[in-house]
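Take 1 as the starting number for the sequence shown in full-length UniProt numbering and just add one per residue.
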Amino acid sequence: MKTFFSEDHRAHFPQAELHGGQFVTPFERPSRIEHVLTRLKERGFAAPIAPDPADRAVVDALHAPDYLDFLETAWAEWKAEGFEGEIIAASFPARRMQTARPPRNIDGKVGYYALAAETAITEGTWAAAWSSMASAQAAQRAVAAGDRAAFALCRPPGHHAASDMYGGYCFLNNAAAVAEMFRRDGAAKVAVLDVDFHHGNGTQDIFYDRGDVFFASLHGAPEDAFPYFLGFADETGTGAGDGATANYPMAPGTGYGPWSEALDDALSRIRAFGAEALVLSLGVDTFKDDPISFFKLDSGDFLDMGARVARAGLPTVICMEGGYAIEAVGINTVNVLEGFNN
Ligand code: SP5
Ligand code: ZN
């Protein structure tokens with residue numbers, strides 16, 4: 001299995017994440033990726049391939065033009081306003097406020113496009129997000145050209161990014177772009193399976209009214225876990241997408257037994273849907289020692305996870321999402337790939 005990866009992820013390294021009322025070093029940090037690279041090498045995977053630039057047309061098909069303009073220009077506008085720190089959202093369009101009119105003021109715009117305040121934007125955020133998107137797209141091209149599967153070592157991650165919202169450490173939705181590319185290449189139906197601990201609200205939102213892309217997510221129940229306001233079991237799609245979304249919210253302390261039953265159910269739904277290609281949004285923050293999550297998977301469980309996903313028998317692109325138990329991120333991620341390969 002080829003790995004696609006860009007060093008440009010390093011351009012995104014905020015100093016601050018708002019966590020528990022304090023600014024802490026972000027959980028989503030560059031060193032996460034170093035552990036994956038080291039483990040890939042140890043386990044005999046081929047050296048990562050630097051991706052060609054991303055195709056803008058695919059991104060334009062998923063994200064709103066004003067949102068993309070915002071991401072590209074936010075840092076310059078923030079500096080022009082005279083702000084000294086990193087970009088952190090502070091004012092949001094909450095209940096019964098206007099949600100259809102982006103403010104002119106940059107502080108207002110940031111709140112308009114943010115879905116949470118923990119994620120800072122810095123000077124290099126756009127470049128890093130773009131490079132992450134490029135890795136995802138390159139992995140899709142490898143699979144479209146005949147590889148059984150490919151791994152996009154994306155950073156920053158993407159699954160919380162909706163058509164016009166960033167947050168949860170995500171800016172551009174890499175997995176959604178891969179699904180869209182499979183469609184454009186002729187797959188009539190595609191599935192995105194999101195096994196990150198957190199609900200893939202962005203991916204769900206992008207495909208919610210589409211009948212050609214099935215979205216399934218296994219995640220911490222919204223009552224207890226970020227992003228809190230989406231990912232309930234009764235969200236099943238709308239319009240042409242009615243029935244093409246499946247959510248598996250699970251309680252604190254969930255271990256691999258019940259988790260893997262949900263996985264098998266999601267895979268059987270994907271089979272019944274008739275997907276011709278699969279995108280795996282792979283977060284390893286389901287690990288028992290993850291600092292911000294509450295499932296109880298062991299490192300060995302990730303091998304079995306990969307094997308079960310492979311049994312779907314579909315051309316597969318694996319996109320890196322979350323995982324914050326830094327030392328174990330490499331082992332757990334590569335275990336999924338090895339389980340898939342074997
Ligand atoms: C891609 C991804 O995994 N994004 C996750 C973003 C989570 N951000 C906010 C987390 C708030 C966590 N509160 C945890 C309390 C732990 N005791
Ligand atoms: Zn996550």
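Ideal Cβ positions, reconstructed from N, Cα and C, are used throughout, including at glycine. If you're wondering where the values come from, they're calculated on a predicted model, not measured in any experiment.
Cutoff 6 Å; reference residue 30; Cβ partners in own chain excluding five residues on either side: The residue labelled residue 30 in the question sits at position 30 within the sequence shown. Answer for residue 30: 10 and 13, listed in chain order.
Next item on the list: Under 8 Å by Cβ, that's how I've got residue 280 and residue 318 pegged, so tell me the actual separation to the nearest angstrom.
Entry: Position 280 of the sequence shown holds residue 280. Position 318 of the sequence shown holds residue 318. Residue 280 to residue 318, Cβ: 5 Å. Contact.
Buried or exposed: residue 264, going by 16 or more other Cβ atoms within 10 Å of its Cβ? Here residue 264 refers to the residue found at position 264 when the sequence shown is read from its first residue. Result: exposed.
- If you draw a straight line from the alpha carbon of residue 88 to that of residue 116, how long is it in whole angstroms? The count along the sequence shown starts at 1 and reaches residue 88 at position 88. The count along the sequence shown starts at 1 and reaches residue 116 at position 116. Roughly 9 Å separates the two Cα atoms.
Please confirm if the segment 241-257 is in contact with the segment 198-215, defined as three or more CB-CB distances below 8 Å between the two stretches.
yes
Query - Range covered by the alpha helix (DSSP H) that runs through residue 79 - result: Your numbering for residue 79 matches position 79 in the sequence shown. Unbroken alpha helix (DSSP H) run through residue 79: 65-80.
Worksheet item: Three or more C-beta pairs closer than 8 Å, one from the segment 302-318 and one from the segment 24-40: is that the case here?
Response: no
**OP:** Assign residue 7 to one of two classes, buried (16 or more other C-beta atoms within 10 Å of its C-beta) or exposed (fewer than that).
**Re:** Indexing the sequence shown from 1 puts residue 7 at position 7. When all chains shown are included, residue 7 counts as exposed.
Terminal residues of the continuous alpha helix (DSSP H) containing residue 258?
Position 258 of the sequence shown, counted from the start, is the residue given in the question as residue 258. Per DSSP, residue 258 belongs to the alpha helix (DSSP H) from 256-273.
- prompt: So, helix, strand or coil for residue 324, using DSSP?
  reply: Here the question's residue 324 lines up with position 324 in the sequence shown. If DSSP states are grouped into helix, strand and coil, residue 324 belongs with coil.
Determine whether the beta carbon atoms of residue 171 and residue 186 lie at a separation below 9 Å. Translated into the one-based positions of the sequence shown, residue 171 becomes position 171. Translated into the one-based positions of the sequence shown, residue 186 becomes position 186. Cβ atoms of residue 171 and residue 186: not closer than 9 Å.
Report all residues from its chain with a CB closer than 7 Å to the CB of residue 102; omit the five preceding and five following residues, and keep chain order.
Counted from its first residue, the sequence shown places residue 102 at position 102. Closer than 7 Å at Cβ, skipping near neighbours: 66, 109 and 112.
Thinking just about the alpha-carbon of each residue, which of 19, 323, 18 and 61 is nearest to the one in residue 183?
-> Within the sequence shown, residue 183 is the residue found at index 183, counting from 1. Of the listed residues, the one whose Cα sits closest to residue 183 is 61.
Exercise. Please list, in chain order, all residues of the same chain as residue 179 whose beta carbon is under 6 Å from its beta carbon, the five residues on each side excluded.
Key: Indexing the sequence shown from 1 puts residue 179 at position 179. Result list for residue 179: 190, 192, 213 and 279, in chain order.
Taking Cβ to Cβ, would you say residue 303 is nearer than 9 Å to residue 338?
As a position in the sequence shown, residue 303 is number 303, starting the count at 1. As a position in the sequence shown, residue 338 is number 338, starting the count at 1. Yes, they are a contact pair.
Query raised in the report: Quick one: Cα of residue 4 to Cα of residue 104, how far?
Result: In the sequence shown, the residue the question calls residue 4 occupies position 4. In the sequence shown, the residue the question calls residue 104 occupies position 104. Each residue's Cα considered, the two are about 38 Å apart.
Reference residue 128, options 32, 155 and 33, closest by Cα:
As a first step, residue 128 must be located in the sequence shown, where it is residue number 128. Among 32, 155 and 33, the Cα nearest to that of residue 128 belongs to 155.
Starting from residue 250, follow the beta strand (DSSP E) in both directions and report where the run begins and ends. The residue you call residue 250 lines up with position 250 of the sequence shown. Run containing residue 250: 245-250, per the beta strand (DSSP E) assignment.
Counting C-beta neighbours from all protein chains within 10 Å, is the total for residue 145 16 or more, i.e. buried, or is it exposed? Counting from 1 along the sequence shown, the entry for residue 145 is found at position 145. Residue 145 comes out exposed.
| task | Only counting runs of 4 or more residues, tell me where the alpha helix (DSSP H) segments fall wholly within the segment 98-163, in order along the chain. | result | 106-113 and 125-144
Problem set entry | First through last residue of the alpha helix (DSSP H) which encompasses residue 220 | As a first step, residue 220 is located in the sequence shown; it is residue number 220 there, counting from the start. Per DSSP, residue 220 belongs to no alpha helix (DSSP H); it is in the beta strand (DSSP E), 213-220.
Assuming the contact rule is C-beta atoms closer than 8 Å, residue 210 and residue 231 should be a hit. Round their C-beta distance to whole Å, please. Taking the first residue of the sequence shown as position 1, residue 210 is located at position 210. Taking the first residue of the sequence shown as position 1, residue 231 is located at position 231. Between residue 231 and residue 210 the Cβ distance is about 18 Å, and since that is not below 8 Å, they are no contact.
Residues of its chain near residue 72, where Cβ-Cβ distance is below 6 Å and the 5 sequence neighbours each way are ignored | Translated into positions along the sequence shown, residue 72 becomes position 72. Contacts found: 126.
Nearest-residue set for the ligand ZN, Cβ under 5 Å from any heavy atom:
196, 197, 198, 283, 285 and 322
Practice prompt. Within the same chain, show all residues whose beta-carbon is closer than 6 Å to that of residue 267, passing over the 5 residues directly before and after it, in chain order.
Written response: Indexing the sequence shown from 1 puts residue 267 at position 267. Taken in chain order, the residues that qualify are 312.
So, is residue 85 buried or exposed, given that buried needs 16 or more other C-beta atoms within 10 angstroms? Here residue 85 corresponds to residue number 85 of the sequence shown, with the count starting at 1. When all chains shown are included, residue 85 counts as exposed.
Task: Closest by C-alpha distance to residue 256, when choosing among 177, 287, 64 and 153 - done: Translated into the one-based positions of the sequence shown, residue 256 becomes position 256. Ranking 177, 287, 64 and 153 by Cα distance to residue 256 puts 287 first.
Original post:
Got a sec, what are the start and stop residues for the beta strand (DSSP E) residue 203 sits in?
Top reply: Counting from 1 along the sequence shown, the entry for residue 203 is found at position 203. Element bounds for residue 203: not the beta strand (DSSP E) but the alpha helix (DSSP H), 201-207.
Any heavy atom of the ligand SP5 closer than 8 Å to the beta-carbon of residue 118?
Locating residue 118 in the sequence shown gives position 118, counting from the first residue. Yes, the ligand SP5 has a heavy atom inside 8 Å of this Cβ.
Can you tell which of 219, 271 and 275 has the C-alpha that lies nearest to the C-alpha of residue 250?
As a first step, residue 250 must be located in the sequence shown, where it is residue number 250. It is 219 whose Cα lies nearest to the Cα of residue 250.
Practice item. Say yes only if the C-beta of residue 159 is nearer than 8 Å to one or more non-hydrogen atoms of the ligand SP5, and no if none qualify. Key: The residue you call residue 159 lines up with position 159 of the sequence shown. Because some heavy atom of the ligand SP5 lies under 8 Å away, the Cβ of residue 159 counts as near it: yes.
- Query: Hey, residue 198 and residue 221 are a contact pair by Cβ (cut 8 Å); roughly how many whole angstroms apart?
  - Reply: Along the sequence shown, read from residue 1 onward, the residue named residue 198 stands at position 198. Along the sequence shown, read from residue 1 onward, the residue named residue 221 stands at position 221. Not quite, the Cβ-Cβ distance comes to about 11 Å (not below 8 Å), so this is no contact.
ask   = Does the distance from the CB of residue 329 to the CB of residue 306 come in under 9 Å?
value = On the sequence shown, residue 329 is found 329 positions in, with the first residue counted as 1. On the sequence shown, residue 306 is found 306 positions in, with the first residue counted as 1. Contact flag unset, no.
### Message
If I measure Cβ to Cβ from residue 18 and keep anything under 6 Å in the same chain, skipping five residues before and after, which residues do I get?
### Response
By one-based count along the sequence shown, residue 18 stands at place 18. Cβ within range, chain order: 117 and 118.
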